[in-house]
Amino acid sequence: RREKEGLHMVVEPIYWQQAVEHQAISAVKAQLGRLFREDGPILGVEFDPLPPDAFGYR
């Protein structure tokens with residue numbers, strides 16, 4: 036019985052953390068609206084500007 040109780044103590048915090056993360060992600064998606072893209076960069080990532088000839092255009 037102790038092993039089973041120990042397992043619940045490990046699983047419950049993980050579930051709670053996932054639920055909190057899901058709520059936070061859902062809130063950010065709602066704020067971004069149409070700007071959110073599933074295949075976009077991780078939120079908060081900033082990129083350096085590309086040089087003018089990065090793709091061979093001038």
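With the numbering used here applied, the sequence shown covers 36 to 93. Beta carbons are placed, not taken as given, at the ideal position from N, Cα and C, and that holds for glycine. The structure displayed is predicted, hence computed values, not measured ones.
Straight-line gap, residue i to residue j (C-alpha atoms, nearest Å)
{"i": "K64", "j": "I49", "result": "22 Å"}
{"i": "Q58", "j": "Q52", "result": "10 Å"}
{"i": "A54", "j": "I77", "result": "19 Å"}
{"i": "S61", "j": "F82", "result": "24 Å"}
{"i": "F71", "j": "G79", "result": "13 Å"}
{"i": "F90", "j": "E56", "result": "38 Å"}
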